[in-house]
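Protein chains: 2
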Amino acid sequence: MGKGEETRRAIIDQALELASTVGLEKLTIGALAGTTGMSKSGLFAHFRSKEQLQLQVLAEARQRFIEMVIAPAMQKPRGEARLRSIFESAMKQWEEDLPGGCIFHAVSAELDDQPGPARDYLVETQRDYADTLRRAAEIAVEEGEFRKDVDLDQFVFELGSITAAYHHFGRLLGDPEAEQRARKMFEGLLARSH
Amino acid sequence: MGKGEETRRAIIDQALELASTVGLEKLTIGALAGTTGMSKSGLFAHFRSKEQLQLQVLAEARQRFIEMVIAPAMQKPRGEARLRSIFESAMKQWEEDLPGGCIFHAVSAELDDQPGPARDYLVETQRDYADTLRRAAEIAVEEGEFRKDVDLDQFVFELGSITAAYHHFGRLLGDPEAEQRARKMFEGLLARSH
DNA sequence: TGACGGCACGAACGGTCGTACTATTATCAG
DNA sequence: CTGATAATAGTACGACCGTTCGTGCCGTCA
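Protein chains in written order, with this note's numbering: chain A, 1 to 194; chain B, 195 to 388.
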């Protein structure tokens with residue numbers, strides 16, 4: 001790995017931390033230069049536009065999510081165990097990895113009315129994730145762990161709602177029991193699917 | 195109502211539309227001056243800082259929410275009917291009133307790691323709303339419509355999760371069935387509380 | 001040793017941001 | 001109708017934005 005690639009990754013690391021708290025728009029070249037100790041122009045040269053920087057930040061976040069959440073789950077047994085693994089890893093990652101919590105949640109509201117490549121990439125990522133969840137639930141049905149009449153899309157919707165609420169109540173409103181509530185809700189959703 | 199107050203309200207109207215789509219930070223004095231046909235300085239004089247403008251926007255949104263969602267529900271019979279009224283009105287308002295959907299949802303992720311008066315006001319508003327929902331559910335228990343062992347805080351958490359997911363799947367991912375899914379989830383939550 | 005390519009730098013550009021002052025115009029009570 | 005006052009416009013400011021450009025450092029290899 002050349003020197004350039006090395007610093008580029010270091011920049012993206014910092015950028016992820018910053019973006020998870022302040023969002024993609026306020027992820028500023030100048031601020032990023034400050035935290036990395038580089039000059040604005042030196043940093044900018046690694047990405048040739050701010051849009052590229054944003055896209056690479058999202059790509060890195062996606063890759064980390066796959067590595068830390070999806071990949072371990074795929075090693076688990078098919079079906080419910082895999083779903084539980086995804087849920088647990090996701091909750092853990094959002095708490096520990098980034099200071100501002102799940103970056104996808106942080107930028108979702110920011111990009112939902114802002115057309116462009118960043119939004120497109122985010123939507124693709126989220127659709128991809130939804131498909132993964134759907135497939136995992138489908139397997140649980142095939143394995144006989146879930147009832148045959150489980151509405152898979154509805155299941156994904158409700159599963160997604162848990163994490164959204166976890167962020168809203170935990171991060172914004174500061175409810176210390178949000179994690180416990182999310183877990184309880186998850187157990188309820190699984191129980192209803194049996 | 196003097197002329198000043200009249201234009202101030204007109205400005206806030208425009209500001210709400212703008213903020214619901216682009217957020218509170220990108221709700222810019224210059225852009226707002228453009229859409230209202232005023233000069234930057236003339237508009238700025240009505241609020242003496244951007245922070246004041248943001249707070250007044252949030253206050254107006256809160257008042258509208260109370261008028262269009264909470265107040266009508268309070269005319270309804272106590273208990274489940276009131277909860278249904280709140281849910282239905284909330285879904286309707288977010289669809290129709292503002293182009294960017296529920297402004298509270300739009301700014302929640304933006305402010306959740308950004309201390310200041312705007313965040314404080316938003317948190318207060320959301321806590322207030324959560325209390326209202328909790329109280330309505332409590333009444334449903336007292337009236338015998340809900341089981342006595344319903345966990346009220348958990349109920350509020352799950353109710354909140356529905357609207358959060360509605361925005362995520364409907365607005366960001368563009369799922370046309372998001373509204374129907376939210377309704378189905380709501381019915382499920384009520385049924386489990388009976 | 002000397003040329004070269006990859007990296008990072010400082011300076012500067014045009015623009016937009018929020019905000020402060022001053023001047024001008026519109027409103028409204030006496 | 002008039003004069004006080006409120007409302008708006010004009011202009012300027014310093015800060016920061018993304019971006020461009022020219023320059024120099026430094027390791028690699030001929």
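Ideal placement from N, C-alpha and C gives every residue a C-beta, glycine not left out.
A quick note: this is a predicted structure, and the numbers were derived from the prediction, not measured.
For Ile162/A, the nearest beta carbon of chain B is closer than 8 Å to its own beta carbon. Under a criterion of Cβ atoms nearer than 7 Å, the residues of chain B adjacent to His168/A are, in order, Ser302, Gly354, Ala358. Cα atoms of Gln126/A and Leu367/B: separation of roughly 8 Å, rounded to the nearest angstrom. By the rule that beta-carbons nearer than 8 Å mark a contact, His105/A touches chain B. With respect to chain A, the C-beta atom of Thr319/B has no partner C-beta closer than 8 Å.
Around the beta-carbon of Ser355/B, 16 or more other beta-carbon atoms lie within 10 Å, marking it buried. Listed along chain B are Glu304, each with a C-beta nearer than 7 Å to that of Gly23/A. Across the structure, Asp131/A and Phe298/B are spaced so that their CA atoms are roughly 28 Å apart. Under the DSSP assignment, Gly354/B falls in the alpha helix (DSSP H) whose first and last residues are 346-361. Less than 8 Å divides the Cβ of Glu138/A from the Cβ of Leu152/A.
Residues of chain B with a Cβ closer than 7 Å to the Cβ of Gly100/A are, in chain order, Asp307.
Residues of the segment 338-351 of chain B with a C-beta atom less than 9 Å from some C-beta of chain A are Asp345, Asp347, Gln348, Val350, Phe351, listed in chain order. Note on geometry: alpha-carbon atoms of Leu277/B and Leu327/B lie some 7 Å from one another. Taken atom to atom, the span from the alpha-carbon of Ile12/A to that of Ile29/A is near 12 Å.
Comparing alpha carbon positions, the residue from Arg135/A, Glu25/A, Phe186/A closest to Glu352/B is Phe186/A. Look at Ser233/B here: in three-state DSSP terms it is coil, with no helix or strand label. Distances from the CA of Ile70/A to each of Gln56/A, Gln54/A, Met91/A were compared; the closest alpha carbon is that of Met91/A.
Interface with chain B (8 Å Cβ-Cβ cutoff): Lys50/A is excluded. C-alpha of Tyr129/A to C-alpha of Ala118/A: approximately 17 Å in a straight line. Around the CB of Met268/B, fewer than 16 other CB atoms lie within 10 Å, so the residue is classed as exposed. The beta carbon of Thr35/A lies closer than 6 Å to those of Gln14 in the same chain, with the five residues before and after it left out.
By the Cβ neighbour-count rule, Asp306/B is buried, with 16 or more other Cβ atoms within 10 Å of its own. DSSP places Gln114/A in the coil class of the three-state scheme, outside both helix and strand. Identification of residues in the segment 256-271 of chain B having a C-beta nearer than 7 Å to some C-beta of chain A yields an empty set. Interface annotation for the segment 213-237 of chain B against chain A: Ser214, Thr215, Val216, Gly217, Glu219, Lys220, criterion Cβ-Cβ distance under 9 Å.
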